[in-house]
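**Student:**
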Amino acid sequence: MITNLVEYKQQYRESNLEPEEFWTKQASTLLWKKKWDRVLEFDFYKPEVKWFIGGKLNITENCIDRHLTARAHQTAILWESNDPSEPSRKITYQQLSVEVNRAANMLKANGIQKGDRVCIYMPMVPETAFALLACARVGAVHSVVFAGFSAGSLVDRINDSNCKMVLTADGAYRGDKRIDLKSIVDEALKKCPSVDKCIVLNRTNLSVSMQPVRDLWWHEEIRKTSDVCVAEEMDAEDLLFILYTSGSTGKPKGMVHTCGGYAVYTNYTFKNVFQYKEGQTFWCTADVGWITGHSYIIYGPLSAGATTLMFEGVPSWPDMGRFWHVIEKHKVNIFYTAPTAIRSLEKAPLSFVEKYDLSSLQVLGSVGEPINEEAWHWYDKNIGKGNCPIVDTWWQTETGGIMISPLAGITKTKPAFATLPLPGVQPAIMDEAGNEIEGNNVEGRLTIKFPWPSMARTIYGDHQRFKDTYFSTFPGKYFTGDGCKRDEDGYYRITGRVDDIIIVSGHNMGTAEIESAIDEHSAVCESAVVGFPHDIKGQGVYAFVVTYDPVHEPIHLRNEIKDVVSKIIGPIAKPDKIQFVSGLPKTRSGKIMRRILRKVAEGETSNLGDTTTLLDPAIVEEIKKGAIS
Ligand code: PRX
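Each residue of the sequence shown is one higher than the one before, starting from 1474 at the first, in my numbering.
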């Protein structure tokens, strides 16, 4: 583990000069069933990347079995319910072993074999962690879908990877709401011919319809199983999971992560970035449905033998002090959340924070979007009490683990800067012409020019799209889709997406996907979606909508459009603002000039740049006049 800045610099240098030796050392701290023959093979032009070739392991032996001698009775998963009056659950490593082995046997008994895809659509309860690990134990590929997505989104994801089974629950609690997960799954499964089994956890005692043969209760199936399931021997490059992320065009991309490199990298980054110390309680507030949950609720912390806190609820319920209450209650040492949560909690009276004892905190983290300086300072002062280093961690679903970040207490932090690349990460800033911009005090597009172990290997079923999206803009380099600056100290500051992806409350969304959902409304002829700066969400969704007929009841139609989006994608994609327009600004070749729409959405109406190439420049005046502030 890196313990000071000199060691960081040494490791960084070593990882660049001798990457294979460097990663050999890191990988050797894990448990392998067979050691690898070669460390790395790659070709960023093809693209193809393989790590720890010939190595065999099972990530669950790293997350569970190897801890059973030293920490069988230590809490592995500490669960806090949505409802503060419901008792917490503490699952020791020993119990985790029993639960995961049983769940693994339950999968096998229901026909799941190595390589099969299993969709997990579940609430934030320990059984969801068991489900992921059970898949990994038997070598099935999990595809977790965030339980806030609609039936339509679930259908797309299940069918794209031909899942054989769905693991779900009757319902999910989220604040004062209850979401009927099973009925969403029922609707989805009408269109998913590959699914032959659906196992349902009873979380909310909802009465649900169970389709004979297909649908089974989790508690009944688990009862039949033994607690011994030998971990499948997985090749380092076998698939561990698929996780969907929005693309700037087209349907979501199923990012493929493999067993060996992902295990090594999430373990290494968890320990070093957060400077995890034996016995600490770590709380990542993400949902397991996102990559942050995969890497830093489940695999990273458990492979390091940590106590990982899993929270079912939301920060605002029963009141705006819930996070701080949970920190006090469980004496959380490391707290990792998203800027959007910080910004919303910052708006609440400080008394919600001051009521609680936060003195257990030692390290704070931020992830998912740029953190503005004001939120950074509020977090530092009021939550960290000026005593906790903040790690602003930049990474992506595609990168599998944290890429650019301070090491807690080691790297000098600077508000809003993700600071320095981790060992093994070689960023390059590119100009639009495709040249690398060397030196400091520069700005451009962020690429990574050398492989790291947890990088996605492909897009499930569409390698060409993988190449086109990530390796074609700057041949020979992985293109992140983000813009960034490097300052006089060589520190990186991520400035945001440079493509048509917007980040709303830390969730990555493709504008094209939202547009096609809006266009499903029968009154809508076409639409264009852009992001706009939003106080709490970071970015909000601004939709410009052209209707077939004049709009007589705008409020009603706006609500209908929001409902359509909510139904097709999920509530997180609902537009915040909908402006009805008679046309969109298009070039003569028919391309929408989003630059203009972005400016209007940002409230800029004077300096819209060159509009002479537009087919109908008059439309801009109309759009400016009707802009929603
Ligand atoms: O734009 C960057 C932003 O989130 C994008 C990745 O989103 P997703 O795949 O959903 O993963 C989010 C959690 C890892 C990035 O391309 N992003 C993520 N972290 C930061 C960030 N932007 C600025 N600062 C960060 N710390």
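The beta-carbon is built from N, C-alpha and C at its ideal position, and this holds for glycine as well.
1. What does DSSP give as the partner residue(s) for residue 1717 in the beta ladder?
2. Which residues count as close to the ligand PRX when the rule is a CB under 7 Å from any of its heavy atoms, in chain order?
3. Does DSSP classify residue 2035 as helix, strand or coil?
4. Can you tell me where the alpha helix (DSSP H) holding residue 1552 begins and where it ends?
5. Could you give the first and the last residue of the continuous alpha helix (DSSP H) run that contains residue 1691?
6. I'd like to know if the region 1799-1816 and the region 1758-1775 are in contact, where contact means that at least 3 CB-CB pairs between them fall below 8 Å.
7. Between the region 1864-1880 and the region 1731-1746, do three or more beta carbon pairs fall short of 8 Å?
8. Check whether the region 1605-1612 and the region 1530-1540 touch, using three or more Cβ-Cβ pairs below 8 Å as the test.
9. Three or more C-beta pairs closer than 8 Å, one from the region 1665-1679 and one from the region 1535-1547: is that the case here?
10. Straight-line CA distance for residue 1801 to residue 1837?
11. Assuming residue 1540 and residue 1518 form a contact by the criterion Cβ under 8 Å, report the distance between their Cβ atoms to the nearest whole angstrom.
12. Let me check understanding here. Comparing Cα to Cα, which of 1659, 1861, 1803 and 1923 lies closest to residue 1896?
13. From residue 1494 to residue 1488, what distance separates their C-alpha atoms?
14. With H, G and I counted as helix, E and B as strand and the rest as coil, what does DSSP make of residue 1744?
15. How would you write the range of the beta strand (DSSP E) that residue 1981 sits in, first residue to last?
16. Can you list, in chain order, the residues of its chain with a C-beta nearer than 7 Å to that of residue 1649? Leave out the 5 residues immediately preceding and following it.
17. Can you name, in chain order, every residue of its own chain whose Cβ lies under 7 Å from the Cβ of residue 1868, other than the five neighbours on each side?
18. Judging by CA-CA distance, which residue of 2089, 1949 and 1884 is the nearest neighbour of residue 1479?
19. With H, G and I counted as helix, E and B as strand and the rest as coil, what does DSSP make of residue 1904?
20. Using only CA atoms, which one of 2014, 1577, 1594 and 1888 lies nearest to residue 1716?
21. If you pair each beta-carbon of the region 1992-2000 with each one of the region 2028-2045, do three or more pairs fall below 8 Å?
22. Express the C-alpha separation of residue 1738 and residue 1422 in angstroms, rounding to a whole number.
23. Buried or exposed: which applies to residue 2064, given that a residue is buried once 16 or more other Cβ atoms fall within 10 Å of its Cβ?
24. Which value, in whole angstroms, describes the spacing of the CA atoms of residue 1841 and residue 1761?
25. For the alpha helix (DSSP H) containing residue 1813, list its first residue and its last residue.
26. Which same chain residues, not among the five before or five after residue 1502, have their C-beta less than 6 Å away from its C-beta?
27. Taking a contact to mean a Cβ-Cβ separation below 8 Å, would you say residue 1694 touches residue 1583 in this structure?
28. Among the residues of its own chain, which have a CB less than 6 Å from the CB of residue 1983, if the five just before and after it don't count?
29. Measuring CB atoms only, is the region 1858-1866 touching the region 2034-2044, in the sense that at least three cross pairs come out at less than 8 Å?
30. What's the C-alpha gap between residue 1571 and residue 1602?
**Tutor:** Taking the geometry as given:
1. 1727
2. 1718, 1763, 1764, 1765, 1839, 1840, 1841, 1842, 1843, 1844, 1865, 1866, 1867, 1868, 1869, 1870, 1871, 1891, 1953, 1954, 1955, 1967, 1969, 1970, 1976, 1979, 1980 and 1981
3. helix
4. No alpha helix (DSSP H) holds residue 1552; the beta strand (DSSP E) holding it covers 1548-1553.
5. 1691-1696
6. yes
7. yes
8. yes
9. no
10. 15 Å
11. Going by Cβ atoms, the distance from residue 1540 to residue 1518 rounds to 41 Å, so no, they are not a contact pair.
12. 1923
13. 8 Å
14. helix
15. 1980-1983
16. 1790
17. 1874, 1875 and 1876
18. 1884
19. coil
20. 1594
21. yes
22. For the chain, the structure presents residues 1474 to 2102; residue 1422 sits outside this window and is missing.
23. exposed
24. 14 Å
25. 1812-1819
26. none
27. yes
28. 1719, 1720, 1721 and 1974
29. no
30. 13 Å
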